[in-house]
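By the count of the numbering used here, the sequence shown reaches residue 514 at its end, each step adding exactly one.
Where a beta carbon is used, it is the ideal one built from N, C-alpha and C, also for glycine.
Everything numeric in this text was worked out from a predicted model, so none of it was measured.
All remarks here apply to the structure that follows.
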Amino acid sequence: MNRRDLLLGTAGASLAAALPRTGQAAGPPIKIGLLEDISGDLASIGLPKLHGTQMAVDEVNATGGILGRKLELIHLDPQGDNARYQEFTRRLLQRDKVDVLIGGITSASREAVRPIVGRQNAFYIYTNQYEGGVCDANMLSVGAVPEQQLSTLLPWMVERFGKRVYTVAADYNFGHLSSAWGKSIMKPLGVEFVGEEFIPLGVSQFAQTIQNIQRAKPDWLYMLDVGAAQSSFYEQKNAAGVRLPMASPVKIMLGFEHKRFPAGVMKDMYAAANWFEELDTPEAKAFVARWRAKYPDEVYINDMGYNAWVAIMLYKQLAEKAKSTKLADLRGAMADGTLGVDAPEGRIVIDPKSQHCSHRMRLISVDGENKIKIEKDFGDIQPFWLGQVGCNLLQSNPREQYTPDNLPRR
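What follows is the structure, encoded as structure tokens:
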């Protein structure tokens with residue numbers, strides 16, 4: 105089902121700087137096109153993204169909008185279908201004439217959207233953590249990337265649990281590229297990859313995979329599964345008596361499995377996160393209180409929902425610094441490397457070379473009672489990898505995705 109929601113201002117406090125209230129808008133609404141799955145296999149993790157965007161739009165509108173203009177949110181539900189992502193991208197950019205396009209859950213959906221955005225020379229914000237590497241001046245990436253998640257988490261897992269690793273990954277670009285990242289980070293540490301499986305999206309039966317793991321006898325599992333169906337692995341694994349430590353960039357803070365599964369199912373899952381609802385700081389508690397007041401039935405405020413809120417606040421700062429919503433002006437506002445927002449996790453700043461964001465990263469774990477523990481605070485980590493390998497959007501716009509196995513030509 106397609107959904108179109110036009111959200112104008114309601115009461116709500118905002119961490120963003122307030123604009124002076126005026127009796128009349130300074131111009132037509134700023135249109136935000138949102139593509140988020142709220143039905144289909146990814147609905148449970150997509151709904152918080154819609155809610156985070158709605159909350160941010162309401163908070164910005166309550167303080168006067170952006171440049172004195174109200175925000176108008178137009179949401180369409182692609183239902184996890186990449187063909188719909190492309191159709192809806194064209195509709196939002198060409199028919200609705202949105203000022204900014206936001207959204208997409210999987211890396212496949214992002215890659216379906218990006219070429220269309222490029223041809224239209226539009227501004228696109230991707231709000232998920234992902235496998236990294238996109239060097240594209242039309243895209244601002246808000247979520248965490250491998251140097252923030254995997255370069256922190258994986259060496260810690262090797263030191264703590266051992267060097268025999270089994271990878272279970274979704275069979276599309278996120279799974280393959282995140283697996284490649286794992287190898288590039290862990291092979292220099294002497295890790296032996298005793299098994300690797302790529303599972304098609306939608307698969308929910310894992311008897312053979314579990315048998316393969318039992319035969320391989322790994323020290324721990326590197327989990328890159330995606331979606332509700334593939335999450336069936338965890339209960340099946342436990343029922344078979346497989347109790348191994350696990351590490352993932354997408355479990356717990358994104359899929360909130362510790363809220364969806366019985367106690368013990370996710371025990372000894374480890375992740376590196378810029379946001380999780382249990383974060384115990386005054387800023388995080390205030391953010392959760394506002395969210396819960398607006399959406400009391402939310403199962404969990406996941407990192408994608410939080411990142412969606414951050415995206416609107418970053419866009420507000422960009423447009424106000426640029427005094428414009430035009431792509432060239434927004435990019436100019438990023439150029440000095442100082443633009444950012446004070447968010448519940450801490451200060452988030454946009455790196456102008458890659459147009460990715462810094463994050464305060466924490467390593468978290470799940471115990472047998474489904475409670476979250478912070479194992480280590482890594483502090484602020486910059487998105488450094490793209491700049492190191494030669495991506496510099498201040499000088500060129502290749503619109504490419506680079507990986508450890510596909511580096512820019514020098």
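Following the DSSP letters along the chain, one finds TYR189 inside the alpha helix (DSSP H) bounded by residues 186-194.
Distances from the alpha-carbon of GLY266 to those of THR256, GLY494 and LEU293 put LEU293 closest. Proximity to GLY444 across LYS457, MET465 and ALA415 peaks at ALA415, based on C-alpha coordinates. Residue environment analysis places ASP145 among the buried positions, since at least 16 neighbouring C-beta atoms fall within 10 angstroms of its C-beta. Taken in chain order, the complete beta strand (DSSP E) segments of 3 residues or longer contained in the stretch 368-392 are 373-377. Only residues of its own chain outside the window of five on either side were considered, and among them VAL403 and TYR404 have a CB closer than 7 Å to the CB of LYS363, listed in chain order. Per DSSP, VAL453 is one residue of the beta strand (DSSP E) stretching across 450-455. Selection ARG188, LEU171 and GLU140 evaluated against LEU177 yields GLU140 as nearest (Cα-Cα). Shown here, PHE227 sits in coil according to DSSP, grouped into three states, outside any helix or strand.
Your pair ALA367 and ASN474 checks out as a contact, with CB atoms roughly 5 Å apart and the cut at 8 Å.
The beta carbon of SER245 sits closer than 6 Å to the beta carbons of TYR230 and HIS460 from its chain, once the five residues preceding and following it are set aside; these are given in chain order. Residue pairing by DSSP places GLY483 opposite MET465 in a beta bridge. For LEU205, the enclosing beta strand (DSSP E) starts and ends at 204-207. Our two residues, GLY169 and ALA130, have alpha carbons roughly 10 Å apart in a direct line. Residue burial annotation: LYS135 is buried, with at least 16 other C-beta atoms found within 10 angstroms of its C-beta. Rounded to whole angstroms, the Cβ separation of ILE149 and ILE209 is 7 Å, and the two are in contact under 8 Å.
Positions of the beta strand (DSSP E) runs, each at least 3 residues long and wholly inside the stretch 239-300, are given as 243-245 and 268-274 in order along the chain. Pairing ARG466 with ILE478 gives a Cβ-Cβ distance under 9 Å. Rounded to whole angstroms, the Cβ separation of ILE314 and LYS355 is 17 Å, and the two are not in contact under 8 Å. When the alpha-carbon of ASP162 is set against those of ALA311, GLN312 and TRP413, the nearest one is in TRP413. DSSP places MET350 within a strand segment (E or B) once states are collapsed to three. When secondary structure is reduced to three states using DSSP, GLN505 falls in the strand class. Setting aside the 5 residues that flank it on each side, TYR374 is surrounded in the same chain by ALA351 and SER469, each with a C-beta closer than 6 Å to its C-beta; the list follows chain order. According to the DSSP secondary-structure assignment, TRP324 is paired through a beta bridge with VAL269. For GLU449, the closest of LYS430, LYS425, ASN406 and LEU490 by C-alpha to C-alpha distance is ASN406.
Assignment of ASN510 by DSSP, reduced to helix, strand and coil, places it in the strand class. At the C-beta level, LEU171 and THR429 come within 9 Å of one another. DSSP places LYS135 inside the beta strand (DSSP E), whose first and last residues are 134-139. Annotation for ASN501: ALA241 place their beta carbon closer than 6 Å to its own, counting only its chain and skipping 5 residues before and after. Inter-residue distance for GLN486 and GLU263 is about 23 Å (C-alpha atoms, whole angstroms). Spanning the alpha carbons of GLY491 and GLU504 requires a straight line of approximately 13 Å.
Residue state for VAL307 is assigned as coil, using DSSP reduced to three classes.
Here the alpha carbon of GLU424 sits roughly 12 Å from the alpha carbon of GLY436. In this structure, LEU422 is the residue among ASP446, LEU422 and ILE220 with its C-alpha nearest to the C-alpha of ALA439. According to the DSSP assignment, GLY436 belongs to the alpha helix (DSSP H) that extends over 431-438.
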